[in-house]
């Protein structure tokens, strides 16, 4: 295995977290449609959320995105970009598990905040990591 193949593998693996970020952003669109369906057949909730609750579901993600980079800012310098990205994956895993098994609105709020937190961190650390592993001729 050549260095180029290792770097390509690392780059692809690191960018998979970008898919989690995209999934987090897109999650609310079909989920809100299911939550507002009067039959409640596919809804994780046993009630139809109010307009205020639905707006919080959509708007908590950016609030987490504001907090995430501020909290994680010193970590890449201390433990490295790769380990920081791996630690950040825990926020996405926790949020998606919470969304899979929740049946109350507060858990959805927490999950969306965690998704936003992780998304903000991805937007800061992933470009640094990609630049760090790329060879000089690829930058």
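Residue numbers (our numbering): 33 to 171. The beta-carbon is built from N, C-alpha and C at its ideal position, and this holds for glycine as well.
Classify residue i as buried or exposed, calling it buried when 16 or more other Cβ atoms lie within 10 Å of its own Cβ.
i, result
"residue 147", "buried"
"residue 154", "buried"
"residue 67", "buried"
"residue 168", "exposed"
"residue 92", "buried"
"residue 124", "buried"
"residue 120", "buried"
"residue 149", "buried"
"residue 56", "buried"
"residue 180", "Nothing in the structure corresponds to residue 180, since the chain is present only between 33 and 171."
"residue 131", "buried"
"residue 104", "buried"
"residue 48", "exposed"
"residue 127", "buried"
"residue 106", "exposed"
Whole angstroms are fine: how far does the CA of residue j sit from the CA of residue i?
i, j, result
"residue 44", "residue 117", "13 Å"
"residue 102", "residue 145", "14 Å"
"residue 8", "residue 110", "Past the edges of the chain, shown from 33 to 171, lies residue 8, and the structure says nothing about it."
"residue 84", "residue 61", "16 Å"
"residue 166", "residue 113", "13 Å"
"residue 70", "residue 122", "34 Å"
"residue 34", "residue 53", "30 Å"
"residue 90", "residue 143", "11 Å"
What are the boundary residues of the alpha helix (DSSP H) that residue i is part of?
i, result
"residue 121", "113 to 133"
"residue 74", "Element bounds for residue 74: n/a, residue is neither H nor E."
"residue 104", "83 to 104"
"residue 42", "35 to 67"
"residue 79", "Segment: none, residue 79 is in no alpha helix (DSSP H) and carries neither H nor E."
Would you please state the rounded distance, in angstroms, between the beta carbons of residue i and residue j? I believe it to be under 8 Å.
i, j, result
"residue 152", "residue 96", "7 Å"
"residue 141", "residue 88", "6 Å"
"residue 86", "residue 51", "No, residue 86 and residue 51 are not in contact; Cβ-Cβ is about 25 Å, not under 8 Å."
"residue 134", "residue 76", "6 Å"
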